[in-house]
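Just so you know, we're using the working numbering here: the sequence shown kicks off at 356 and counts up by one.
For each residue, glycine too, the CB sits at the ideal point set by N, CA and C.
First up is the structure itself, then whatever we jot down about it.
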Amino acid sequence: MRRAANERVQLYPDSKYRWIYEVNMLTNYSILIDVWKVLGISMFVLVVLFIIITIADGNWNLDSLLSMASVLGIMAVVMLLLGMIGYFVYAAISGWKYSVLFIMDGKAVTHQQMPSTVKKGQLIGALAILAGLASGSPGTVGTGVLAQSRMTMTSVLADVEHLIPCRKMNLIKVNQLFSKNRIYVHDEDFDFVYNYLLTNCKNLKTKT
356 MRRAANERVQ
366 LYPDSKYRWI
376 YEVNMLTNYS
386 ILIDVWKVLG
396 ISMFVLVVLF
406 IIITIADGNW
416 NLDSLLSMAS
426 VLGIMAVVML
436 LLGMIGYFVY
446 AAISGWKYSV
456 LFIMDGKAVT
466 HQQMPSTVKK
476 GQLIGALAIL
486 AGLASGSPGT
496 VGTGVLAQSR
506 MTMTSVLADV
516 EHLIPCRKMN
526 LIKVNQLFSK
536 NRIYVHDEDF
546 DFVYNYLLTN
556 CKNLKTKT
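Following this line, the structure appears as structure tokens:
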């Protein structure tokens with residue numbers, strides 16, 4: 356599929372790479388998987404608490420453990436369904452698209468979620484203004500649209516411990532100790548972005 360020039364990864368006058376990615380929430384379930392992982396962690400914490408409370412009471416036996424497992428199983432199914440319903444409600448409200456602007460240089464990579472009211476054409480137009488600047492202060496021109504972020508997550512590359520490429524989802528997971536960033540990039544630029552991050556993340560514990 357041919358990409359508009361400003362959807363591709365480009366180097367801008369401020370020495371930062373920028374690109375736009377729209378996640379199709381009907382075909383790419385990476386966000387839903389993350390929601391389920393968060394719910395799974397919450398469920399695990401509940402299980403541990405139930406076990407501690409049961410042991411502390413001193414009234415536990417095989418029947419009580421089976422009863423607890425049944426209750427927790429039902430709770431897990433309910434949480435799974437609620438997570439899925441919440442995901443599809445959010446996706447429908449967002450027009451089934453999750454629009455993101457990414458900014459990357461040798462020090463950090465930023466995931467900047469854009470509101471559904473901002474269309475891809477507006478983002479491309481704003482980036483085109485930045486791309487056309489040969490001097491001056493590119494951060495102050497044509498960035499009104501780009502500043503309308505709902506959520507911004509920045510990963511300092513020196514602190515990144517794990518890079519996990521997921522090519523089928525056009526996703527690179529950028530994980531630090533207390534934060535997990537998600538970088539989406541089109542097939543054409545996937546290797547460039549992954550290798551750039553790999554080169555600049557000096558303290559990786561594992562390399563995939």
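Ignore the nearest five residues each way along the sequence and tell me which others in V511's own chain have a CB closer than 8 Å to its CB. As a first step, residue 511 is located in the sequence shown; it is residue number 156 there, counting from the start. So the qualifying residues of the chain are K462, A463, Q531.
Nearest neighbour of I442, chosen from L394, D514, F547 [CA to CA]: On the sequence shown, position 87 is the one that residue 442 refers to. The question names Ile, but residue 442 in the sequence shown is Tyr. It is L394 whose Cα lies nearest to the Cα of Y442.
Y453 (DSSP reduced to helix, strand or coil): Within the sequence shown, the letter at position 98 stands for residue 453. The answer is strand: DSSP assigns Y453 an E or B state.
Shortest alpha-carbon distance to S385 belongs to which of L553, S534, L526, L437? Locating residue 385 in the sequence shown gives position 30, where the first residue counts as 1. Closest option to S385, Cα to Cα, is L526.
With 16 other Cβ atoms within 10 Å as the buried cut-off, status of G491: Sequence index remark: in the sequence shown, residue 491 carries index 136 (1-based). With a pLDDT of only 49 at G491, under the threshold of 50, the placement of this residue in the model should not be trusted, and no figure is reported.
If you count every other CB in all the chains shown that lies within 10 Å of the CB of L552, and 16 or more means buried, which is it? Position 197 of the sequence shown, counted from the start, is the residue given in the question as residue 552. Note on L552: 16 or more other CB atoms within 10 angstroms of its CB, so buried under the neighbour-count rule.
Contact between the region 531-547 and the region 395-406 (3+ Cβ pairs under 8 Å): no
Going by DSSP, what residues sit across from L404 in a beta bridge? Here residue 404 refers to the residue found at position 49 of the sequence shown. None, per the DSSP bridge assignment.
Please give me, in chain order, every unbroken run of the alpha helix (DSSP H) with length at least 4 that falls completely inside the region 406-451. 417-448
Quick one, are the C-beta atoms of H517 and T554 less than 9 Å apart? On the sequence shown, position 162 is the one that residue 517 refers to. On the sequence shown, position 199 is the one that residue 554 refers to. Result no, Cβ atoms of H517 and T554 do not sit closer than 9 Å.
With a threshold of 8 Å, are at least 3 pairs of Cβ atoms found where one atom belongs to the region 444-460 and the other to the region 376-391? yes
What first and last residue would you give for the beta strand (DSSP E) that runs through V511? As a position in the sequence shown, residue 511 is number 156, starting the count at 1. Note, V511: beta strand (DSSP E), 506-511.
Indicate whether L387 and G438 have their beta-carbon atoms separated by less than 9 Å. Numbered from 1 along the sequence shown, position 32 holds the residue referred to as residue 387. Numbered from 1 along the sequence shown, position 83 holds the residue referred to as residue 438. Result yes, Cβ atoms of L387 and G438 sit closer than 9 Å.
Going by Cα to Cα distance, which pick from A513, W391, F533, D389 is closest to N558? The residue given as residue 558 occupies position 203 in the sequence shown. Considering only alpha carbons, the answer is A513.
Answer yes or no: does any C-beta atom of chain D fall closer than 9 Å to that of L518? Reference to chain D is not applicable here, since this structure consists of a single protein chain.
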